[in-house]
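Protein chains in written order, with my numbering: chain A, 242 to 406; chain B, 482 to 581.
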């Protein structure tokens with residue numbers, strides 16, 4: 242019962258905040274709504290027993306990525322978009338997304354996964370067991386991830402050092 | 482009772498909302514925010530499957546997704562800053578360098 246209540250509360254808040262991210266014309270408000278989405282998602286991760294990922298979500302997304310967004314928006318001094326300039330192809334986009342959601346929903350309703358999640362054995366998801374997996378079975382992707390980070394750093398520095406012509 | 486399907490439906494909804502943001506917004510930063518929403522929807526279904534199958538591998542994948550998202554945002558925002566510097570606009574329809 243408590244599980245259902247918290248699930249519906251967090252998903253309700255999260256979906257409303259997600260709509261606000263998409264629909265808001267002020268960039269700052271969109272980013273702050275995304276912050277709400279991240280925190281609700283972290284709560285859902287905790288409900289799913291993924292404590293390490295929930296902590297990472299708050300630290301990396303809410304702490305680093307969104308601060309970067311806010312920093313850039315303030316650096317560029319973005320004004321709210323005009324009402325008639327903010328959106329493009331609105332009707333096509335909405336129809337596409339509804340069709341997309343409907344298709345996924347059809348697939349999901351065809352393959353029902355019956356037992357409630359609370360009846361199943363949870364994964365061993367302490368920091369230690371996730372890290373053990375990371376450094377044994379997934380060690381090659383882990384090393385590749387460091388290359389991606391390096392490429393992103395080099396790319397960002399090169400891009401921002403370019404002189405405007 | 483909350484089953485795996487509940488979480489997957491929420492994930493599909495979140496992904497659709499993010500897709501709508503990418504498709505309908507003109508501002509480059511808003512498109513990036515929509516991509517973030519889609520990343521998070523994918524993360525949610527990874528973690529839900531990890532819970533359903535009792536396998537922590539899904540959480541490791543989410544770890545990598547977060548890393549890739551961070552790298553993507555870094556480069557994307559650097560490009561946005563450059564766009565603002567060189568074209569004085571972030572509206573995607575006004576940037577038509579490749580259009581003949």
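Quick reminder that beta carbons are idealized off the backbone N, C-alpha and C, glycines included. No experiment lies behind these values; they were computed from the predicted model shown.
According to DSSP, which residues form a beta bridge with residue 320 of chain A? Here the question's residue 320 of chain A lines up with position 79 in the first chain. DSSP, once it has assigned bridges, lists no residue as partnering residue 320 of chain A.
Which residues, in order along the segment 548-573 of chain B, keep a beta-carbon less than 9 Å from a beta-carbon of chain A? 548, 549, 550, 551, 552, 553, 554, 555, 556, 558, 559, 560, 561, 562, 563, 565, 566, 567, 571, 572, 573
Contact set between residue 489 of chain B and chain A, taken where Cβ atoms lie within less than 7 Å: Within the second chain, numbered from 1, the residue matching residue 489 of chain B stands at position 8. Those are 349, listed as they occur along chain A.
Cα separation between residue 487 of chain B and residue 347 of chain A? The count along the second chain starts at 1 and reaches residue 487 of chain B at position 6. The count along the first chain starts at 1 and reaches residue 347 of chain A at position 106. Cα to Cα, residue 487 of chain B sits roughly 13 Å from residue 347 of chain A.
In three-state terms, what does DSSP make of residue 563 of chain B? Position 82 of the second chain, counting from 1, holds the residue named residue 563 of chain B. It is helical.
Interface residues of chain A facing residue 526 of chain B [CB-CB closer than 9 Å]: Position 45 of the second chain, counted from the start, is the residue given in the question as residue 526 of chain B. Residues of chain A passing the Cβ test: none, with the nearest at roughly 10 Å.
Please classify residue 322 of chain A: is it buried, with 16 or more other beta-carbons within 10 angstroms of its beta-carbon, or exposed? As a working note, residue 322 of chain A is residue 81 in the first chain. Per the 10 Å Cβ criterion, buried.
If you draw a straight line from the C-alpha of residue 276 of chain A to the C-alpha of residue 539 of chain B, how long is it? Here the question's residue 276 of chain A lines up with position 35 in the first chain. Here the question's residue 539 of chain B lines up with position 58 in the second chain. Looking at the two C-alpha atoms, the distance is approximately 23 Å.
Report yes if the C-beta distance between residue 537 of chain B and residue 296 of chain A is below 8 Å; otherwise report no. Within the second chain, residue 537 of chain B is the residue found at index 56, counting from 1. Within the first chain, residue 296 of chain A is the residue found at index 55, counting from 1. No, they are not a contact pair.
Are there 16 or more other CB atoms within 10 angstroms of the CB of residue 381 of chain A, so buried, or fewer, so exposed? Here residue 381 of chain A is taken as the residue at index 140 of the first chain, counted from 1. By the neighbour-count rule (16 or more Cβ atoms within 10 Å), residue 381 of chain A is not buried but exposed.
Name the one or two DSSP bridge partners that residue 328 of chain A has. For the purposes of this step, residue 328 of chain A is identified with residue 87 of the first chain, where counting begins at 1. B:506.
Residue 572 of chain B in three-state terms, based on DSSP: Taking the second chain and counting its residues from 1, the one referred to as residue 572 of chain B is at position 91. The answer is strand: DSSP assigns residue 572 of chain B an E or B state.
Can you tell which of B:517, B:534, B:575 has its C-alpha closest to the C-alpha of residue 549 of chain B? Locating residue 549 of chain B in the second chain gives position 68, where the first residue counts as 1. Among B:517, B:534, B:575, the Cα nearest to that of residue 549 of chain B belongs to B:517.
List the endpoints of the continuous alpha helix (DSSP H) containing residue 399 of chain A. Against the first chain, residue 399 of chain A aligns to sequence position 158. Element bounds for residue 399 of chain A: 380-402.
Between the CA atoms of residue 532 of chain B and residue 390 of chain A - distance to the nearest angstrom: Here residue 390 of chain A refers to the residue found at position 149 of the first chain. Here residue 532 of chain B refers to the residue found at position 51 of the second chain. Taking the straight line from one Cα to the other gives about 28 Å.
Counting contacts by CB-CB distance shorter than 8 Å, is residue 511 of chain B in contact with chain A? Within the second chain, the letter at position 30 stands for residue 511 of chain B. Output row for residue 511 of chain B: interface = yes.
If we ignore side chains and look at the alpha-carbon of each, how far apart do residue 360 of chain A and residue 483 of chain B end up? Translated into positions along the first chain, residue 360 of chain A becomes position 119. Translated into positions along the second chain, residue 483 of chain B becomes position 2. If you take the alpha carbons of residue 360 of chain A and residue 483 of chain B, they lie about 10 Å apart.
Contact with chain B by residue 384 of chain A, beta-carbon distance below 8 Å: Stepping through the first chain from its first residue, residue 384 of chain A is reached at position 143. For residue 384 of chain A, the answer is no, since every Cβ of chain B falls outside 8 Å of its Cβ.
Inter-residue Cα distance where the pair is residue 306 of chain A and residue 554 of chain B: Counting from 1 along the first chain, the entry for residue 306 of chain A is found at position 65. Counting from 1 along the second chain, the entry for residue 554 of chain B is found at position 73. The alpha-carbon atoms of residue 306 of chain A and residue 554 of chain B are separated by roughly 7 Å.
Residue 561 of chain B and residue 495 of chain B closer than 8 Å at C-beta: Residue 561 of chain B sits at position 80 when you count from the first residue of the second chain. Residue 495 of chain B sits at position 14 when you count from the first residue of the second chain. Not in contact: residue 561 of chain B and residue 495 of chain B (Cβ atoms no closer than 8 Å).
Can you say whether residue 513 of chain B is buried or exposed, counting buried as having 16 or more other CB atoms within 10 angstroms of its CB? Locating residue 513 of chain B in the second chain gives position 32, counting from the first residue. That one is buried.
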